[in-house]
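Trainee:
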Amino acid sequence: ILVQHRREPSQLLQILIDVQEQSGWLPPDVISAIASALAVPRVRVESTASFYSFLHTQPAGEYRLLFSDNITDRMLGNTGLMSALCEQLWLEPGRLSEDGLVRVDTTSCTGMCDQGPALLANGRAITRLNVDRIDEMAHLVRSRVPIGDWPPEWFEVADNIQRRDVLLDHRLSPGEALAAALDRGAAGLLAEIERSSLRGRGGAGFGSDIKWRSCRDAWGDAHYVICNADEGEPGTFKDRVLLNSYFDLVVDGMCIAGLAIGSSKGFIYLRGEYRYLLDRLQARLAQRREQGLLGRNIMGRGFSFDIDIHLGAGAYICGEESALIESLEGKPGKPRIRPPFPVTNGYRGQPTTVNNVETLALAALIAVRGGEWFRTIGTPASTGTKLLSVSGDVARPGIYEFPFGVTVADVLQAAGARDTLAVTSAGAAGHCLDEHEFGRRIAFEDVATGGSIMVFDRSRDMLEVARNFAHFFAHESCGFCTPCRVGTAVVARLIDKLAAGRGSPYDLEEMAKMHVLMQGASHCGLGNTATIAVNDMLSRFPSVFESRLQSSEYEPAFDLDAALSRARQMTGRDDPGAHLGSNLSAIDTH
Ligand code: SF4
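Take the sequence shown: its position 197, counting from 1, is numbered 198 in the numbering used here, and each next residue is one higher.
1) Using DSSP with H/G/I as helix, E/B as strand and the rest coil, what is glutamate 319?
2) Around the Cβ of glycine 241, are there at least 16 other Cβ atoms within 10 angstroms (buried) or fewer (exposed)?
3) Measuring from the CB of serine 478, is there a heavy atom of ligand 1 at a distance below 6 Å?
4) Report the partner residues of aspartate 435 according to the DSSP bridge assignment.
5) Can you determine whether any heavy atom of ligand 1 sits closer than 6 Å to the C-beta of serine 54, and answer yes or no?
6) Based on Cα-Cα distance, which residue from Ala415, Ser174 and Ile533 lies nearest to alanine 467?
7) What residue range does the beta strand (DSSP E) around methionine 113 cover?
8) If you measure from the CB of phenylalanine 481, is any heavy atom of ligand 1 nearer than 6 Å?
9) For the beta strand (DSSP E) that contains methionine 455, what are its first and last residues?
10) Between leucine 169 and the rest of its own chain, which residues show a CB-CB distance below 7 Å, the 5 nearest in sequence each way excluded?
11) Mark glycine 452 as exposed unless 16 or more other C-beta atoms lie within 10 angstroms of its C-beta, in which case mark it buried.
12) Going straight from the alpha carbon of glycine 78 to that of proline 118, what length do you get?
13) On a CA-only basis, which of Ile16, Leu499, Cys482 and Asp106 is nearest glutamine 520? Give me that one, please.
14) Less than 7 Å separating the beta-carbons of isoleucine 262 and arginine 217?
15) Who are the Cβ neighbours of asparagine 529 in its own chain at under 6 Å, not counting the five residues just before and after it?
16) Under 8 Å: do the segment 375–388 and the segment 180–199 share three or more Cβ pairs, one atom per stretch?
17) Taking the straight line between their C-alpha atoms, what separation do you get for leucine 499 and aspartate 508?
18) Would lysine 514 be called buried (16 or more neighbouring beta carbons within 10 Å of its own) or exposed?
19) Does the distance from the C-beta atom of glycine 95 to that of proline 60 stay below 7 Å?
20) So, do the segment 312–327 and the segment 176–183 have three or more beta carbon pairs nearer to each other than 8 Å?
21) Could you tell me if isoleucine 207 is buried or exposed, where buried requires 16 or more neighbouring beta carbons within 10 angstroms of its beta carbon?
22) With DSSP as the reference, please indicate the residues paired to leucine 86 in a beta bridge.
23) Which of the three DSSP states, helix, strand or coil, is assigned to threonine 590?
24) Identify the continuous beta strand (DSSP E) that holds leucine 388 and give its terminal residues.
25) My understanding is that isoleucine 227 touches leucine 271, with C-beta atoms under 8 Å, so please give their C-beta distance in whole angstroms.
26) Please state whether DSSP places arginine 104 in a helix, a strand or coil.
27) Which residue comes first and which comes last in the alpha helix (DSSP H) that contains leucine 369?
28) Mind checking which residues open and close the alpha helix (DSSP H) that includes cysteine 228?
29) Would arginine 459 pass as a contact of leucine 518 if the rule is Cβ separation under 7 Å?
30) Would the beta-carbon of glycine 528 be found less than 6 Å away from any heavy atom of ligand 1?
31) For arginine 96, report the span of its beta strand (DSSP E) as first-last.
32) At which residues does the beta strand (DSSP E) containing aspartate 307 begin and terminate?
33) Let me check understanding here. Comparing Cα to Cα, which of Arg43, Val545, Ala471 and Ser69 lies closest to proline 506?
34) Which same chain residues, not among the five before or five after tyrosine 317, have their C-beta less than 7 Å away from its C-beta?
35) Drop a sphere of 10 angstroms on the beta-carbon of isoleucine 35, count the other beta-carbons inside from all chains shown, and report buried for 16 or more, exposed for fewer.
36) Here's the rule: buried if 16 or more other CB atoms are within 10 angstroms of the residue's CB, otherwise exposed. What is histidine 437?
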């Protein structure tokens with residue numbers, strides 16, 4: 002494995018992933034051996050190994066079964082299925098079985114919300130779980146049947162494309178867009194991208210031409226293109242479909258970005274949950290090299306560009322571009338202090354453009370059909386189309402491509418939503434809309450979104466939705482800065498307290514304060530956006546939260562006097578002096 006990765010320290014994460022695939026976990030002596038072979042401090046290997054949730058520095062079992070725990074998986078019954086599996090295997094969630102055979106736990110959204118409940122079995126996605134599949138899975142585990150021999154239909158991942166427009170309906174052949182870009186030349190191509198007003202599809206909506214020009218103009222020994230395929234936003238799965246069925250267009254888009262910024266090297270950062278795509282994508286890149294569509298002197302036109310695929314390992318924060326670059330360099334995915342920005346100081350300190358999968362695919366279309374054509378679609382401030390991943394309480398979950406400017410109501414109607422109470426417009430990190438806002442438009446100037454649309458009907462308890470989001474962020478915070486590290490944990494505990502019926506108005510005020518504090522003081526977008534949806538739910542559905550309040554007075558999170566009973570037992574005391582007074586029993590141990 003070390004030789005395959007050229008003993009290159011920036012390959013550390015890939016080395017650890019490959020080693021774990023062979024051995025199931027990363028024992029201390031293996032970590033030491035890797036450190037010595039790469040000539041890096043052991044602590045560097047250890048910090049990377051312990052940062053990513055899919056890497057295990059403790060024995061993790063022959064079978065590692067991780068249930069996707071997005072709110073949509075919960076709505077489809079993942080909790081009951083996980084309990085059933087644990088019961089049949091005689092184990093507790095999160096704990097390795099005594100014989101070291103199996104561990105069952107949860108993980109953040111796996112990008113299968115349109116075909117959940119889902120789980121990862123040793124990193125491989127299994128969709129459409131039901132009671133029968135769980136029963137059979139328990140039998141297969143007990144019989145020690147290798148996961149490669151499990152029923153192949155369990156591993157089927159459908160595209161679920163429900164509505165196509167210019168992107169999903171394109172008829173371009175592999176390399177056609179790249180050939181058109183080469184005909185235009187770098188300057189002509191950039192002019193077309195500028196004319197198109199293409200904006201990044203990850204959600205922030207930064208102008209692609211500005212990003213590419215800034216990167217091209219930045220001084221460096223080398224320039225890099227990164228395709229951000231780490232779509233970890235709960236409820237998002239559009240990039241999964243683009244990579245699965247439109248990969249050539251994405252690769253053309255990356256080559257075109259390379260041409261525009263003067264780069265000969267690109268990386269696809271593929272989220273670990275999409276490991277099942279890796280071999281096929283690698284094979285297609287190899288084919289393209291043979292066909293002269295990738296690598297040296299592409300199409301004999303004097304332009305060289307090649308692509309490596311790097312795998313992530315279960316860290317949502319790596320969707321943030323500077324954290325992604327850290328991860329690509331083999332380090333823990335912690336966001337960098339900015340400025341400087343990646344366009345001037347990115348991968349290995351060199352000018353780097355990081356683009357969303359969808360943005361690159363659209364750039365390829367623009368290279369062929371021109372910027373003016375693109376501008377005729379969508380709205381003046383949000384040109385083109387947007388891919389929406391629609392899941393939750395809808396009759397037809399899946400991918401919808403709409404021109405920007407479509408209303409939320411139109412999307413709901415197309416997806417067969419009924420009796421809708423709320424829609425989260427950008428996963429757990431975006432806004433939550435109620436029925437009075439369904440006339441609003443999907444566009445950067447109105448409802449901006451990276452594409453995750455989760456729908457909740459009137460049967461749903463929005464406090465449980467808020468709780469799921471709060472725990473997601475508490476789990477995914479990288480811990481670098483205090484407002485986010487502490488704030489996400491505090492918000493999760495406050496919502497737990499409300500759900501347990503022990504909340505007071507004071508707790509609601511605390512949540513509102515946390516929202517302001519985290520938005521203003523967090524180091525990166527994760528902390529800035531972690532409480533947006535929860536705060537929207539508080540303001541749009543106040544009765545859901547207020548109905549859970551225990552009293553108008555402050556309520557402690559738990560009974561402290563009762564919690565001290567064991568201490569009283571150990572000291573043999575149970576007199577009044579060994580009990581907390583009524584004034585002290587109100588101490589909140591937050
Ligand atoms: Fe890490 Fe959260 Fe701070 Fe971002 S805001 S750097 S995720 S702790």
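No residue lacks a Cβ here, since even glycine has one placed at the ideal position from N, Cα and C.
Mentor: The answer reads as follows:
1) With the sequence shown as reference, residue 319 is identified as cysteine, and glutamate is not the correct amino acid for it. The answer is helix: DSSP assigns cysteine 319 an H, G or I state.
2) Note that residue 241 is arginine in the sequence shown, not glycine. Per the 10 Å Cβ criterion, buried.
3) yes
4) Ala423
5) no
6) Ile533
7) Neither: methionine 113 is in no beta strand (DSSP E) and is coded neither H nor E.
8) yes
9) 453–458
10) Scanning its chain for C-beta atoms nearer than 7 Å, with the 5 sequence neighbours on each side dropped, one finds around leucine 169 the residues Ile162 and Glu402, in chain order.
11) buried
12) 7 Å
13) Cys482
14) yes
15) Gln520 and Ser523
16) Taking one beta carbon from each stretch, the segment 375–388 and the segment 180–199 have 3 or more pairs nearer than 8 Å; the two touch.
17) Each residue's Cα considered, the two are about 8 Å apart.
18) exposed
19) no
20) no
21) It should be pointed out that residue 207 corresponds to phenylalanine in this sequence rather than to isoleucine. With fewer than 16 other Cβ atoms within 10 Å, it is exposed.
22) Answer is none; leucine 86 lacks a bridge partner.
23) With a pLDDT of only 42 at threonine 590, under 50, the local geometry of the prediction cannot be trusted, and the value read off the model is given with reservation. Three-state DSSP puts threonine 590 in coil, outside helix and strand.
24) Start and end: 386–393.
25) The C-beta distance from isoleucine 227 to leucine 271 rounds to 11 Å, too long to fall under 8 Å, and the pair is not in contact.
26) strand
27) Before going further, note that residue 369 is valine rather than leucine in the sequence given. Element bounds for valine 369: 358–370.
28) Element bounds for cysteine 228: not the alpha helix (DSSP H) but the beta strand (DSSP E), 225–230.
29) Going by C-beta atoms, arginine 459 is not nearer than 7 Å to leucine 518.
30) yes
31) Element bounds for arginine 96: n/a, residue is neither H nor E.
32) From DSSP, the beta strand (DSSP E) with aspartate 307 extends over 304–312.
33) Minimum Cα distance to proline 506 is reached at Val545.
34) Ser109, Gly233 and Glu477
35) buried
36) Here histidine 437 is exposed. Its C-beta has fewer than 16 other C-beta atoms within 10 Å.
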